[in-house]
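Chains as they are written, first to last, in the numbering used here: chain A, 1 to 219; chain B, 1 to 671; chain C, 1 to 99. Where is the CB? At the ideal position from N, CA and C, for every residue including glycine. Source: prediction; values computed, not measured.
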Amino acid sequence: MSAVVFFVAAIGAIAGAIGVVALRNPFYSVLALVGHLLSLAALFLLLRAEFIAAAQVVVYAGAVMVLYLFVVSYIGSGVRQLTPGGSGLRLVAGGAVLALFVELAIAVLGSGLKAISGEGAPYVSGFGSPAAIGEALLTKFLFPFEVASLLLLVAAVGAVVLARRRRGTTLDDDERDPAHWITPRSLFSGTMAEAVGAIRDPGAEPVATPAGHDEEGGW
Amino acid sequence: MSTTTWAWLVLAFPLAGAIVNGLGYKKLGRGGAGAIGTLAIGLAFVCAVAALIGLQGHASNDRALVSSLWDYAVTGDVNAKLSILVDPLSVYMMLVVTGVSTLIHLYSVSYMRGDRGYSRYFAYLNFFVFSMLVLVLGGNFLMLIVGWAFVGAASYLLISFWYRRGTATKAGIKAFVINVVGDVGLVLGTFFILRHSGTLDFLGTFRAAEGGAFAGHQGSLTAGCLLLLVGAFAKSAQIPLHTWLPDAMEGPTPVSSLIHAATMVTAGVYLIARMHPLFERAPAAADTAAIVGCVTLLVAGTIGLVMTDIKRVIAYSTMSQIGYMIMAVGAGGYVAGLFHLMTHAFFKALLFMAAGSIIGAMAGGQSLERMSGFRRAMPFTFGCFVVGGLALSGVPPFSGFFSKDEILAFVGSRGGWFDVLYVVGYAGAFLTAVYTWRMIFRAFFGEPCTEAKELEHGHLAHAEVPTNPANGEVEDTDVGFPGPEHTIAERALPMKVAMTLLAIGATFAGFVQIPHVDHVITNFLQPTFADSKWVDHEPSNTLVNFGLVIGTVIGLSGIALAYRVWVLKPGSAAAWQARLKPVYTLFVNKWWFDEAIDLLVVRPFAAFGNFARGTFERVFVDDTLVGGTTGIVRAGSAAVRAIQTGFLRYYAALLLLGGAAVLLYFLISAS
Amino acid sequence: MAIDWYLVVSALIFCIGAGGVLVRRNPLVILLCLELMLNAANLALIAFARMHGNSDGQIFALIVMVVAACEVTVGLGLIVAIFRRRLPIDVDELRELQG
Chain A
1 MSAVVFFVAA IGAIAGAIGV VALRNPFYSV LALVGHLLSL AALFLLLRAE FIAAAQVVVY
61 AGAVMVLYLF VVSYIGSGVR QLTPGGSGLR LVAGGAVLAL FVELAIAVLG SGLKAISGEG
121 APYVSGFGSP AAIGEALLTK FLFPFEVASL LLLVAAVGAV VLARRRRGTT LDDDERDPAH
181 WITPRSLFSG TMAEAVGAIR DPGAEPVATP AGHDEEGGW
Chain B
1 MSTTTWAWLV LAFPLAGAIV NGLGYKKLGR GGAGAIGTLA IGLAFVCAVA ALIGLQGHAS
61 NDRALVSSLW DYAVTGDVNA KLSILVDPLS VYMMLVVTGV STLIHLYSVS YMRGDRGYSR
121 YFAYLNFFVF SMLVLVLGGN FLMLIVGWAF VGAASYLLIS FWYRRGTATK AGIKAFVINV
181 VGDVGLVLGT FFILRHSGTL DFLGTFRAAE GGAFAGHQGS LTAGCLLLLV GAFAKSAQIP
241 LHTWLPDAME GPTPVSSLIH AATMVTAGVY LIARMHPLFE RAPAAADTAA IVGCVTLLVA
301 GTIGLVMTDI KRVIAYSTMS QIGYMIMAVG AGGYVAGLFH LMTHAFFKAL LFMAAGSIIG
361 AMAGGQSLER MSGFRRAMPF TFGCFVVGGL ALSGVPPFSG FFSKDEILAF VGSRGGWFDV
421 LYVVGYAGAF LTAVYTWRMI FRAFFGEPCT EAKELEHGHL AHAEVPTNPA NGEVEDTDVG
481 FPGPEHTIAE RALPMKVAMT LLAIGATFAG FVQIPHVDHV ITNFLQPTFA DSKWVDHEPS
541 NTLVNFGLVI GTVIGLSGIA LAYRVWVLKP GSAAAWQARL KPVYTLFVNK WWFDEAIDLL
601 VVRPFAAFGN FARGTFERVF VDDTLVGGTT GIVRAGSAAV RAIQTGFLRY YAALLLLGGA
661 AVLLYFLISA S
Chain C
1 MAIDWYLVVS ALIFCIGAGG VLVRRNPLVI LLCLELMLNA ANLALIAFAR MHGNSDGQIF
61 ALIVMVVAAC EVTVGLGLIV AIFRRRLPID VDELRELQG
């Protein structure tokens, strides 16, 4: 019985994962991730982690993904989504990923990792229950618990700072002209790329270089 | 105070004078610089006399005192100390150097009066005296080499004293380069000797030589001595390293008088005399010295016969007389050579000083062709020229007669092929008398030239437009060129005093070593040369008497010939010149030594230098080594820079690949 | 089921997520793939917790979830800020930090 549930949940998780990567529309990718998260929650349940499974569904799938959906709606789908940046990178990506998976598989299934025992420890009643988690959080893992809450605070503040409106930077129907775009740093004004000559400002005067020294890489 | 302390003081005073004059020239002013310079050397002379007295207070077999100030470098076998050796030879040289230098400083106080570089001059001159004293007082090869190099540097500084004059700077460089060749010889010679003697100390080396350190190494010893000779020849202007001396006359006249007559050029003679234990064990080297000295005296004499620049005549005369000295010490007559060194210092310095006086009367002009009839206008200068000329020509009872004859008598007594040198020596003496009196008769006899006439009326000639006497280029009288005023002896008391004292020396100094009568110098120098194999070698009485007579006859007949050609029959010089045209051409071109050296040495080296710069340096060093290194660095950093593309996914890919690699490593190491 | 299966699933999801990070150009989707990788790690942690009978792994997974949430917050804030300034939402275009 548990084997069947395991396979169903596993296939659901993997399908969701592939969906996230492969689907064009980011909206659909988010939905695929939600499905993936739910399957993962099922797997957690199989592993007797009840509280974590519940937290996964409520917090992760319920709150974080909803936030994602908000942002995706705000930004819109965009035009070009999946075209990879050149087949070179696609090949490298494929190769690297394959290599990684093979290594991990060997590690897990082969004789690489010797500390994996087959079935696991005998079940103790109350393992994975909220009571057990709560007790651990407030005794053994008090410090990480407090730090994690601080981290959440920092993240919240950071998000507010990053996304606040500033004068002259908001969307304006009159300001769709690229010439009026304001960038965090003005392009063509002393970036590293300019320094090495990779970008040249078409409007600016060329800097006078002594004859014959142009190819020296602009040190 | 002990003798060696006096000797250290002799070194200290000129050095202090040089430093004070050199650094304090702004505060001291004119009079101060001259006074300090002269006083410093005067005090040095006094200390030298005190050292003499102290030395004579020691027993005669205990007259080699060594004093060391500190150990410069003590490594293994080589013990290099800052030490001086006070023995009769060094005290003798010290007295000559400081005595003549004091008089020349006194002379310079008036002579250089109008020059803007007055204080610089005295600083350099004091530095020179210090260096020369280091050279003669040095107790080991290190001090000798240091003094040798310093006198070369001082000579360069003083020859190019008027540094805005192109001819002067070229002459200074020429002198310095040839001196460096000599320095190399000296140092290499030291190495060859050090190899077997094991010590840099003079006394230690001589003891080792006596003890047979060079027994199986005759080749090394001869090579070492020959290399020392290279040094001696360069410094003493013997053939073939003599071409710098005539050009060195570009320096002010007192400089020529001090450095290129009395002291620096005698360093070679001192070297051979000091190293006599080594030279006696390397007869090939000693004989080479004698032969080269002989050749030089003849060749220089012939060239002096046709030179028209008065200073160059005296310069070639110096070269010739040093040839006599080198011939003497090469043959083994050390006392004779050193005696001639002293008398030569007196009369040659006197001649140069007098020449300076007449050059002043000519407002800087030095050509004999324009000088004539100064006898009435400059009687004192004329008198000095006469005294110096008689001494130089070897006419009794002047000092040059006794010293030159002692040399020739010794050389003759060696027998064998030295007889050739003996005859050549007398031929040289004849030439000496002729060219010396040619110079005197041309300058002082005959119809007075314009400058002489003006001077008779009490008006010293003044050049409207200062020019370089050598090539007629126009100059100004600001710093770097001679000053506007010229002095003559008749009008300057310091010059008169100095010249008078030297004239007295030139006249009477010979009386200390009259044959058959007294041997003051021989006795004085005996402790130093006691270990020489020639110490008891006396020429026979017949030879000595014969020499005295022949010397007088030759000297007087030379004067007579010169009188006939240049005074009695004024056109005969030109007639002789036309009749012996090829000989004249040979002499006037100085036997083409300059051209030969230019062709054989200067041009190949210049070509090599150009090649090195143009090809080797440009291609190998600039392009390959330097360019290559920077190119590699640049390429490397360009390659590394290529990783910084700015693509997020690129970085992520690198991360992943790296992670996979690390995992692979762990997988492999764990299995 | 033996723990190995869970670990293999976790490895597979992790690799899929890594591939997604490398292949997609939309930063939003890249963040989603990052979430995938984090979840894979969570699964592994829970599996080991079960194996040892120790709830440490579960606490760890909980904290990872917290961190993931923070990271998403900040990342999305960045993307919104980029969008507000009318820059293209494409990691290939956002590459000024180069040289």
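| Presumed contact (8 Å Cβ cut-off) between A21 (chain A) and G77 (chain C), rounded CB distance | Note on identity: in this sequence residue 21 (chain A) is Val, with Ala being the wrong assignment. That belief does not hold up - the Cβ atoms of V21 (chain A) and G77 (chain C) are roughly 24 Å apart, past 8 Å.
| request: Thinking L200 (chain B) and A285 (chain B) are a contact (beta carbons under 8 Å), I'd like their distance in whole angstroms, please. | output: Going by Cβ atoms, the distance from L200 (chain B) to A285 (chain B) rounds to 20 Å, so no, they are not a contact pair.
| query | Smallest Cα separation from L501 (chain B): which of B:A44, B:G388, B:A377? | reply | B:G388
| query | What residues from chain B crowd round R101 (chain C), counting only those whose CB sits closer than 8 Å? | reply | Summary: the structure shown does not reach residue 101 (chain C), with chain C confined to residues 1 through 99, and so no result is reported for it.
| query | If you count every other CB in all the chains shown that lies within 10 Å of the CB of Y324 (chain B), and 16 or more means buried, which is it? | reply | buried
| task | Determine the DSSP secondary structure at A80 (chain B), reduced to helix, strand or coil. | result | strand
| Straight-line CA distance for F593 (chain B) to L586 (chain B)? | 10 Å
| field | Within chain C, partners of L681 (chain B) - CB distance below 8 Å | value | In the structure as shown, chain B begins at 1 and stops at 671. Residue 681 (chain B) is therefore absent and cannot be evaluated.
| request: Write down every uninterrupted run of the alpha helix (DSSP H) in the segment 332-372 of chain B whose length is 4 residues or greater and which is fully enclosed by it, in chain order. | output: 334-361
| With burial defined as no fewer than 16 other Cβ atoms inside 10 Å of the residue's Cβ, what is the status of P130 (chain A): buried or exposed? | exposed
| query | Between A73 (chain B) and the rest of its own chain, which residues show a CB-CB distance below 7 Å, the 5 nearest in sequence each way excluded? | reply | A80
| Alpha carbon to alpha carbon, how far is A99 (chain A) from L12 (chain C)? | 11 Å
| query | In chain A, what lies closer than 8 Å to A653 (chain B) by C-beta? | reply | L89, V92, A93, A96
| Of the residues B:L648, B:L667, B:A660, which one's Cα is nearest the Cα of G95 (chain A)? | B:A660
| Which residues does DSSP pair with G138 (chain B) in a beta bridge? | B:I84
| task | Mind reading off the beta-carbon distance from T381 (chain B) to E490 (chain B)? Whole number of angstroms is fine, and I expect it under 8 Å. | result | 7 Å
| task | List the residues of chain C whose Cβ lies closer than 8 Å to the Cβ of L188 (chain B), in chain order. | result | In chain order: nothing, as chain C lies at least about 59 Å away.
| field | CB contact flag (V255 (chain B), F161 (chain B), <8 Å) | value | yes
| Three-way DSSP call (helix, strand, coil) for S77 (chain A) in this model | coil
| Within-8 Å CB hit, I30 (chain C) to chain A | no
| field | Contacting residues, own chain, Cβ-Cβ under 7 Å from V567 (chain B) (five flanking each side not counted) | value | F441, F445
| task | Provide the residue span of the alpha helix (DSSP H) that contains D531 (chain B), from first to last. | result | Run containing D531 (chain B): none; DSSP gives neither H nor E here.
| request: Just the chain A side, please: which residues come within less than 7 Å of L656 (chain B) by C-beta, in chain order? | output: A96, L100
| task | Note down the Cα distance separating Q577 (chain B) from M112 (chain B), rounded to an integer number of angstroms. | result | 38 Å
| query | From L338 (chain B) to T624 (chain B), what does the alpha carbon distance come to, in whole angstroms? | reply | 58 Å
| task | Tell me, please, whether the CB atom of A41 (chain C) is closer than 8 Å to any CB atom in chain A? | result | no
| task | Would you decide whether V516 (chain B) is buried or exposed? Buried here means 16 or more other CB atoms lie within 10 Å of its CB. | result | Residue identity check: residue 516 (chain B) is His in the sequence provided, not Val. Exposed, by the Cβ-count rule.
| Of all Cβ atoms in chain C, is any one closer than 8 Å to the Cβ of A670 (chain B)? | no
| query | Who are the neighbours of L110 (chain C) on chain A, taking C-beta pairs under 8 Å? | reply | Outside the shown range of chain C (1 to 99) lies residue 110 (chain C), about which nothing can therefore be said.
| query | Near L543 (chain B), which residues of its chain fall below 6 Å by C-beta distance, leaving aside the five closest residues on each side in sequence? | reply | A409, G412, S413
| query | D92 (chain C) touches chain B at which residues, Cβ-Cβ below 7 Å? | reply | F647
| A107 (chain A) touches chain B at which residues, Cβ-Cβ below 8 Å? | L663, L667
| field | Closest by C-alpha distance to G251 (chain B), when choosing among B:G356, B:Y426, B:L188, B:Q218 | value | B:G356
| said: Could you give the first and the last residue of the continuous beta strand (DSSP E) run that contains W70 (chain B)? | reply: 65-75
| field | Identity of the residue in B:K533, B:L43, B:W6 nearest G333 (chain B) by Cα | value | B:K533
| message | Quick check: C384 (chain B) and L350 (chain B), are their CB atoms within less than 8 Å of each other? | response | yes
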